[in-house]
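Novice: Got a structure here, written out as structure tokens. Questions coming.
Residue numbers (our numbering): 128 to 627.
If you want it as structure tokens, here you go:
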């Protein structure tokens, strides 16, 4: 892809960059994206997310690492169901949308003209099982979708950069494009010094805390006895040798007469869970939000990282009780066996790209507010001859892992489809970002909620949020314990969402 990087731009340089991009399009080089970069001072990317009500929006933050990304608008869209999408029949059905999108990116069907140190990204995510959504909760989400935002904000190590992108077509008017770029630059510069407050929006939006008396109604998608019966059914299938593990999920639906404050919810999550990755992908009034503890895979300069996360326990009410619960988790044969299946699967699925991944012999404890997990971080490098691999190839090979589906993959997915009774949509599926070189990072949309807000214009309607959580069922699982695990996970989002 064509790249012309540089430093900060003045008005003359910006005009020249627009003219050059149009000239390339007119010269037969086809549709292009002009990306303009600029540095910002004291900017919170979440404030940029807050500006894009009813637009395509994306948010991704790792508070402990000081790394956050926000995007609004969509200059370029790569969708799994797009007409002419490449077929990837060699992949299992759940991974085919990832493969189609990855193949489209590898084709490089749109060139980028990058100036001012621009760093455009593709951001978005994929569905759990590869099935295109029908009418219902997930109707505005496809089986896989990545976009290049019109305005991207990225903060790393205390420094924020904005990347403004516009599409350039043959015959485009350079003055119109210049106006569009300038308008987005002014919006980005206006975010300097703005942080999201506890009410969830920049001060200039006039945000306020919710009025007293707001009501929430919470409804489970099935009774506890039904869920426990499904656990028994999974154990029976395991006993017959049909599957080794199945991850059984359930959901809660929260009804609210007003509108959920999505930005404020994200602000609460990043403060409550700084060691999770807080994610959001919005399509109009529908937003998937997650506080994910689980890295699927990252790729940067040939370095590959993944993390096996399986085995859970509550946190203690005192340091002594917390340590005792953690020790019991590490010593549990059942939890150890469940965890080891995930470690083996990740090693197996990445071996063709990385060889043997490096990781500790015994899992470590990874603690979050209210819950702790067994975790084994895994690291490696792309093998010689694999240097051109993109992160989406690794995502397609891994998804879905035994941590979110079960084992064997095909049998577990079939069991889930036949028995769970839940449209997972993008729940437990990869969300993240990819740069122009194919590097990127994807996390699983766990501890997640799909928020469907009523129209902002005051039209009649009730806002709804569906919260998801699952538990891995293996030989030795107890229905009541698996139910308790899902309740623990649901509580992570239910409390901040309903302000209790």
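From the three backbone atoms N, C-alpha and C, an ideal C-beta is built for every residue, glycine too.
Keep in mind that this is a model prediction, so the values were computed, not measured.
(1) Would you mind stating whether residue 315 and residue 437 have Cβ atoms separated by less than 8 Å?
(2) Quick check: what's the CA-CA separation for residue 286 versus residue 356?
(3) Measuring straight from C-alpha to C-alpha, what distance separates residue 567 and residue 424?
(4) Quick check on the DSSP output: the beta strand (DSSP E) that includes residue 178 runs from which residue to which?
(5) Assuming contact is defined by CB atoms lying nearer than 8 Å, are residue 277 and residue 201 in contact in what I supplied?
(6) Is DSSP giving residue 442 helix, strand or coil here?
(7) Going by alpha carbons, who is nearest to residue 283 out of 187, 474 and 554?
(8) Should residue 168 go down as buried or exposed, given a rule of 16 or more other Cβ atoms within 10 Å for buried?
(9) I'd like to know whether the C-beta atoms of residue 503 and residue 524 end up nearer to each other than 8 Å.
(10) Can you tell me whether residue 455 is buried or exposed? The criterion is at least 16 other CB atoms within 10 Å of its CB, across all chains shown.
(11) Work out the CA separation of residue 198 and residue 170 for me, nearest whole Å.
(12) Could you pull out every residue in the same chain whose Cβ sits closer than 6 Å to the Cβ of residue 539, ignoring the five residues on either side in sequence?
(13) Three-state secondary structure (DSSP) at residue 352?
(14) Hey, could you find the ends of the beta strand (DSSP E) residue 524 is sitting in?
(15) Please name the residue, chosen from 259, 375, 407 and 139, that lies closest to residue 177 on a Cα-to-Cα basis.
(16) When you compare the CB positions of residue 263 and residue 517, do they come within less than 8 Å of one another, or not?
(17) Nearest CA to the CA of residue 561: which residue from 147, 157, 144 and 205?
(18) Can you say whether residue 330 is buried or exposed, counting buried as having 16 or more other CB atoms within 10 angstroms of its CB?
(19) With a CB to CB cut of under 6 Å and the five nearest residues on each side skipped, what residues in its chain are close to residue 382?
(20) In terms of residues, what are the limits of the alpha helix (DSSP H) holding residue 466?
(21) Using DSSP with H/G/I as helix, E/B as strand and the rest coil, what is residue 196?
(22) Under a Cβ-count criterion, where at least 16 other Cβ atoms within 10 Å of its own Cβ denotes burial, should residue 353 be classed as buried or exposed?
(23) Below 8 Å between beta carbons: does that hold for residue 580 and residue 272?
(24) Is it true that the CB of residue 226 sits closer than 8 Å to the CB of residue 232?
Specialist: With the given structure in hand:
(1) no
(2) 52 Å
(3) 8 Å
(4) No beta strand (DSSP E) holds residue 178; DSSP gives it neither H nor E.
(5) yes
(6) coil
(7) 187
(8) exposed
(9) no
(10) exposed
(11) 14 Å
(12) Correct list, in chain order: 370, 373, 532 and 533.
(13) The answer is helix: DSSP assigns residue 352 an H, G or I state.
(14) Looking at the DSSP string, residue 524 is not in any beta strand (DSSP E); the run it does join, the alpha helix (DSSP H), is 518-525.
(15) 407
(16) no
(17) 205
(18) Confidence in residue 330 is poor, its pLDDT being 46 and thus under 50, which makes the residue's placement unreliable; the coordinate value appears in the next sentence. Flag for residue 330 reads exposed.
(19) 344, 589 and 591
(20) Per DSSP, residue 466 belongs to the alpha helix (DSSP H) from 460-481.
(21) In the structure shown, residue 196 sits in a strand (DSSP, three-state: E or B).
(22) exposed
(23) For residue 580 and residue 272, no; Cβs fall outside 8 Å.
(24) Taking 8 Å as the cut-off, the Cβ atoms of residue 232 and residue 226 do not count as close.
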